[in-house]
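Chemist: Residue numbers (this note's numbering): 4 to 217.
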């Protein structure tokens, strides 16, 4: 793959509006006369066309590594950033212990709203059964905007939007759920699952693209 000029792609969709997906497969390209091996550096890929797209963070990492390789007289560089990102914690998480991935926050377009980012718009995933408790709780109200998105409001007026992605997992923002009580945190921990790396949903279209639901 030749990539003499890397242009950052700032959409979670391809040129024909098809959904793009985070990909971690090994990829080799040539940039600025340097062979670049991406070993788990996240990029976006269209399952329809197979076209590869790089987000702004990926472009920055590649260009930085290529510049360093050239300064050392090297013709090849291997980049693996997945472990580095997933070992870090986001400032907004505080003392909570939710499972999440910084990769999603930094490599899914639209989730970074400030530099440096506090990580507010970081997806946290749960089993779909997590909604049952909120649906029948006397201390919460669950409003379904669509079959796959809605809003949880507590008696203390803490609001937590939620969505359901294509694989059926419930997703909420880390920055929203940290505002819930410790009791609610303990319940959410019991339903918290590993990062899914798939945010395509009515939730994303509403929260990030501003599309009206319902």
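Each residue gets a CB set at the ideal place from its N, CA and C atoms; glycine is no exception. None of the values given here were measured: they were computed from a predicted structure.
Among 70, 175, 168, 139, which one has its Cα closest to the Cα of residue 232?
Modeler: The requested residue 232 is not part of the displayed model; the chain covers only 4 to 217.
Chemist: Which full runs of the beta strand (DSSP E) of 3+ residues lie inside the segment 131-157, going along the chain?
Modeler: If we require 3 residues or more, the beta strand (DSSP E) runs fully inside the segment 131-157 come out as 143-149, 152-157.
Chemist: Work out the CA separation of residue 98 and residue 190 for me, nearest whole Å.
Modeler: Locating residue 190 in the chain shown gives position 187, where the first residue counts as 1. Locating residue 98 in the chain shown gives position 95, where the first residue counts as 1. If you take the alpha carbons of residue 190 and residue 98, they lie about 16 Å apart.
Chemist: Using the beta-carbon count (16 or more within 10 Å), is residue 84 buried or exposed?
Modeler: Reading the chain shown from its first residue, position 81 is the one you call residue 84. With 16 or more other Cβ atoms within 10 Å, it is buried.
Chemist: Measure the beta-carbon distance from residue 113 to residue 211 and round it to whole angstroms, keeping in mind my assumption that it falls under 8 Å.
Modeler: For the purposes of this step, residue 113 is taken as residue 110 along the chain shown, with counting starting at 1. For the purposes of this step, residue 211 is taken as residue 208 along the chain shown, with counting starting at 1. About 4 Å; that satisfies the 8 Å criterion.
Chemist: With three or more C-beta pairs closer than 8 Å as the rule, is the segment 200-208 touching the segment 100-114?
Modeler: The segment 100-114 is in contact with the segment 200-208.
Chemist: Return helix, strand or coil for residue 195, following the three-state DSSP convention.
Modeler: By one-based count along the chain shown, residue 195 stands at place 192. Reduced to three states, the DSSP call for residue 195 is strand.
Chemist: Between which two residues does the beta strand (DSSP E) containing residue 180 stretch?
Modeler: Stepping through the chain shown from its first residue, residue 180 is reached at position 177. First-last for residue 180: 177-180, but that is the alpha helix (DSSP H), not the beta strand (DSSP E).
Chemist: Within 10 angstroms of the Cβ of residue 184, are there 16 or more other Cβ atoms? Answer buried if so, exposed if not.
Modeler: Position 181 of the chain shown, counting from 1, holds the residue named residue 184. Its Cβ having fewer than 16 others within 10 Å, residue 184 is exposed.
Chemist: Under a three-way DSSP split, which group does residue 162 fall into?
Modeler: Here residue 162 is taken as the residue at index 159 of the chain shown, counted from 1. It is a strand residue.
Chemist: What does a CB cutoff of less than 8 Å around residue 121 pick up in its chain, not counting 5 residues either side in sequence?
Modeler: For the purposes of this step, residue 121 is taken as the residue at position 118 of the chain shown. So the qualifying residues of the chain are 93, 94, 95, 178.
Chemist: Please name the residue, chosen from 149, 180, 102, that lies closest to residue 166 on a Cα-to-Cα basis.
Modeler: Here residue 166 corresponds to residue number 163 of the chain shown, with the count starting at 1. The residue with the shortest Cα to Cα distance from residue 166 is 149.
Chemist: Which whole-angstrom value describes the C-beta separation of residue 152 and residue 206, a residue pair presumed to lie in contact below a C-beta threshold of 8 Å?
Modeler: Taking the first residue of the chain shown as 1, we reach residue 152 at position 149. Taking the first residue of the chain shown as 1, we reach residue 206 at position 203. The Cβ separation is near 5 Å, so the contact holds.
Chemist: Taking DSSP's pairing of strands, which residues face residue 41 in a bridge?
Modeler: Here residue 41 refers to the residue found at position 38 of the chain shown. The partner list for residue 41 (beta bridge, DSSP) reads 30, 82.
Chemist: Provide the residue span of the alpha helix (DSSP H) that contains residue 60, from first to last.
Modeler: Taking the first residue of the chain shown as position 1, residue 60 is located at position 57. 59-74 is the extent of the alpha helix (DSSP H) around residue 60.
Chemist: From what residue to what residue does the alpha helix (DSSP H) around residue 129 run?
Modeler: For the purposes of this step, residue 129 is taken as residue 126 along the chain shown, with counting starting at 1. Per DSSP, residue 129 belongs to no alpha helix (DSSP H); it is in the beta strand (DSSP E), 126-129.
Chemist: Look at the Cβ atom of residue 29, then the Cβ atom of residue 47, and state whether they are nearer than 8 Å.
Modeler: Counting from one through the chain shown, the residue named residue 29 turns up at place 26. Counting from one through the chain shown, the residue named residue 47 turns up at place 44. It is not a contact, given that the beta carbons lie outside the stated cut-off.
Chemist: Is it buried or exposed for residue 70, if we count other Cβ within 10 angstroms and need 16 for buried?
Modeler: If you number the chain shown from 1, residue 70 lands on position 67. That one is exposed.
Chemist: Between the Cα of residue 160 and the Cα atoms of 169, 147, 142, which residue gives the shortest distance?
Modeler: Stepping through the chain shown from its first residue, residue 160 is reached at position 157. Cα-wise, what sits closest to residue 160 is 142.
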